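Residue numbers (numbering that gives the first Met the number 0): 0 to 111. Glycine residues also receive a C-beta, built at the ideal position from the N, C-alpha and C atoms. Source: prediction; values computed, not measured.
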Amino acid sequence: MEEGGKFSQLADAIMTKMRLQDANLGTADLSKANLRGANLQNANLVGTKLNGADLAPAGDAAGSVPTDLTGAFLSGTDFTDAQLHGTILTDAAVPTSNGVFLFSLDAGSGRN
């Protein structure tokens with residue numbers, strides 16, 4: 000991290016199928032990053048900019064690998080225009096004034 004608590008710029012990064020479970024990416028700028036098939040289980044994404052990021056499954060000859068945000072911390076995460084089709088969001092946590100909201104997104108819903 001840079002002085003002042005600002006995370007390095009990762010906008011437009013190609014991070015396909017990266018293993019980032021338990022990573023601290025809080026306040027990172029991942030705008031328009033390619034995160035297809037990345038493992039972000041239990042990652043800290045608090046305040047992270049994911050606007051325009053591609054979190055759809057990664058596909059190749061071996062098959063399809065979904066992006067996994069299981070148990071990720073998503074308070075203040077910006078998903079504006081992000082591609083979330085097929086992303087696993089089981090038990091992803093979003094704190095509110097009424098407690099922590101855990102949610103899931105059906106990978107087969109066909110929604111972005």
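Query	Result
CB contact flag (residue 87, residue 67, <7 Å)	yes
Rounded separation between residue 56 and residue 33 - CA only	10 Å
Residue 91 (DSSP reduced to helix, strand or coil)	strand
Residue range of the beta strand (DSSP E) that includes residue 30	That residue, residue 30, is in no beta strand (DSSP E); it is neither H nor E in DSSP.
Residue 62 versus residue 85: straight-line alpha-carbon distance, rounded	14 Å
Helix, strand or coil at residue 8 according to DSSP, with G and I counted as helix	strand
CB contact flag (residue 48, residue 80, <7 Å)	no
Inter-residue spacing [alpha-carbon to alpha-carbon] between residue 27 and residue 64	24 Å
Under the three-state DSSP convention, the category residue 48 falls into	strand
For residue 63, three-class secondary structure by DSSP	strand
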